[in-house]
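One structure below.
In my numbering, the protein residues as written are 67 to 294.
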C-alpha cells in the first residue's frame, strides 16, 4: 500500500513517471550460465551515456548476450525496479487484497478475483463473465509470449537437424499453428544437460523423434507433397 501511495501521490501532482533502460543481466556466450540465478547481480540503475558495459582486450571479439529491460524510478528513492514487475506487484495487491476487502468489508472472498475478463463484447451477465475470467495477468502473458517465441525458434532448429525432417518452412508452419501454451508444453518435454548424460540424451532423442512424427503428420495433412 505504501508503494502504491508514493506512485499515486507522484502522479496526481502531474509529475510524469520516469522510466529508463536498464541492463538486467549479461553473460559471455562462451560462458553460458546454468541458470539466470548464477549471474552476478547488476546495479539497479539506468544505463547512461558513457557507461562501460563490458571490457575486452583490444582486437578480440567476445560475443555476449545482453538482457536489457525498462526500469521505473520509485518516487523519492534511488531505486529503479523493472517496470513490469513493479506494476505487476501493485496490480496483484490491488486485485487480491484492496478491492476485495473494500467490497466485502472483511475477509477475502473465494475464489479470488480474476486478473482479466473479456470486455470486447457486451455481457448479459457481468458477474458470470467476471467469474469466468482468466487468472493470468498481463505481465505473465507477456512473459509467456516471449518464452514461446524463443521456444518456437528452438524447436524448428532442433527438429530441422533430424534426418528425414521436412523443410524449415514446413517445421515453421507446424510451430506457428501451435498456441503459446502448446509450444511451451512441448519444449518442457526436453531436459537440459550441461554434461554428457546418456539417459538424458536418449530421452531427448525420443522426445524429438515424437515431435518429428507430429510435424510430419501436420505436413501430410496440410500438403502431402511437403511430407514426402
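All residues carry an ideal CB built from backbone N, CA and C; glycine is no exception. Since the structure is predicted, the reported quantities are computational estimates derived from the model, not experimental observations.
| query | Going by other Cβ atoms of all chains shown within 10 Å of its Cβ, with 16 needed for buried, is residue 284 buried or exposed? | reply | Looking up residue 284 in the chain shown gives position 218. Buried, because 16 or more other Cβ atoms sit within 10 Å of the Cβ of residue 284.
| request: Could you tell me which of 190, 187, 171 and 166 sits nearest to residue 180, measuring between CA atoms? | output: Taking the first residue of the chain shown as position 1, residue 180 is located at position 114. Nearest C-alpha to residue 180: 166.
| task | Return yes when the Cβ of residue 89 is within less than 8 Å of the Cβ of residue 108, no when it is not. | result | The residue labelled residue 108 in the question sits at position 42 within the chain shown. The residue labelled residue 89 in the question sits at position 23 within the chain shown. Yes, Cβ-Cβ distance for residue 108 and residue 89 is below 8 Å.
| task | Would you decide whether residue 212 is buried or exposed? Buried here means 16 or more other CB atoms lie within 10 Å of its CB. | result | Residue numbering aside, residue 212 sits at position 146 when the chain shown is read from its first letter. The residue in question, residue 212, is exposed, as its Cβ has fewer than 16 Cβ neighbours within 10 Å.
| field | residue 215 versus residue 246 - alpha carbon distance | value | By 1-based counting over the chain shown, the position of residue 215 is 149. By 1-based counting over the chain shown, the position of residue 246 is 180. Approximately 8 Å between the Cα atoms of the pair.
| query | Can you find at least 3 beta carbon pairs, one from the region 193 to 212 and one from the region 153 to 165, that sit closer than 8 Å? | reply | Between the region 193 to 212 and the region 153 to 165, the count of Cβ pairs shorter than 8 Å is three or higher; the stretches touch.
| Of the residues 101, 182 and 125, the one placed nearest residue 197, counting alpha carbons only | As a working note, residue 197 is residue 131 in the chain shown. Ranking the options by Cα distance to residue 197, first place goes to 182.
| Alpha carbon of residue 84 to alpha carbon of residue 281, nearest angstrom | What you label residue 84 is simply residue 18 of the chain shown in a count that begins at 1. What you label residue 281 is simply residue 215 of the chain shown in a count that begins at 1. Taken atom to atom, the span from the alpha-carbon of residue 84 to that of residue 281 is near 47 Å.
| request: State the DSSP-derived secondary structure class of residue 91, mapped to helix, strand or coil. | output: One-based indexing of the chain shown puts residue 91 at position 25. The answer is strand: DSSP assigns residue 91 an E or B state.
| So, residue 91 versus residue 133, is the Cβ gap smaller than 8 Å? | Sequence index remark: in the chain shown, residue 91 carries index 25 (1-based). Sequence index remark: in the chain shown, residue 133 carries index 67 (1-based). Less than 8 Å separates the beta-carbon of residue 91 from that of residue 133.
| How big is the Cα-Cα spacing for residue 235 and residue 79? | The count along the chain shown starts at 1 and reaches residue 235 at position 169. The count along the chain shown starts at 1 and reaches residue 79 at position 13. A direct Cα-to-Cα measurement between residue 235 and residue 79 gives close to 54 Å.
| field | Counted within 10 angstroms of its Cβ, other Cβ atoms place residue 222 as buried (16 or more) or exposed | value | Position 156 of the chain shown holds residue 222. Its Cβ being crowded by 16 or more others within 10 Å, residue 222 is buried.
| What does a CB cutoff of less than 8 Å around residue 210 pick up in its chain, not counting 5 residues either side in sequence? | One-based indexing of the chain shown puts residue 210 at position 144. Excluding sequence neighbours, residue 210 sits near 202, 246, 247 and 250.
| residue 237 lies in the alpha helix (DSSP H); which residues open and close that run? | Position 171 of the chain shown, counted from the first residue, corresponds to residue 237. That run of the alpha helix (DSSP H) goes 234 to 243.
| task | Select from 77, 244 and 105 the residue whose C-alpha is nearest the C-alpha of residue 139. | result | Along the chain shown, one-based indexing puts residue 139 at 73. Per the Cα distances, 77.
| Separation of residue 124 from residue 112, as counted between CA atoms | To locate residue 112, count along the chain shown from 1; it is residue 46. To locate residue 124, count along the chain shown from 1; it is residue 58. Looking at the two C-alpha atoms, the distance is approximately 27 Å.
| Taking Cβ to Cβ, would you say residue 195 is nearer than 8 Å to residue 184? | Locating residue 195 in the chain shown gives position 129, where the first residue counts as 1. Locating residue 184 in the chain shown gives position 118, where the first residue counts as 1. The beta carbons of residue 195 and residue 184 sit closer together than 8 Å.
| Hey, quick one: how far does the alpha helix (DSSP H) through residue 196 stretch, first residue to last? | For this step, residue 196 is matched to residue 130 along the chain shown. Counting along the chain, the alpha helix (DSSP H) containing residue 196 begins and ends at 192 to 197.
| said: For residue 228, which residues in the same chain have their Cβ closer than 7 Å to its Cβ, ignoring the five residues on either side in sequence? | reply: In the chain shown, counting from the first residue as 1, residue 228 sits at position 162. Exclusion of the five residues before and after residue 228 leaves 274 and 278 as the residues of its chain whose Cβ lies within less than 7 Å of its Cβ.
| query | For residue 269, which of helix, strand or coil comes out of DSSP? | reply | Looking up residue 269 in the chain shown gives position 203. Note: residue 269 maps to helix in three-state DSSP.
| field | Residues bridged to residue 259 [DSSP beta-bridge criterion] | value | The residue labelled residue 259 in the question sits at position 193 within the chain shown. Paired residue(s): none; residue 259 is not in a bridge.
| query | Could you give the uninterrupted runs of the alpha helix (DSSP H) lying entirely in the region 171 to 231, keeping only those of 4 residues or more? | reply | The region 171 to 231 contains these whole alpha helix (DSSP H) runs: 192 to 197 and 204 to 226.
| field | Cβ pair residue 267, residue 258 closer than 8 Å | value | Locating residue 267 in the chain shown gives position 201, where the first residue counts as 1. Locating residue 258 in the chain shown gives position 192, where the first residue counts as 1. It is not a contact, given that the beta carbons lie outside the stated cut-off.
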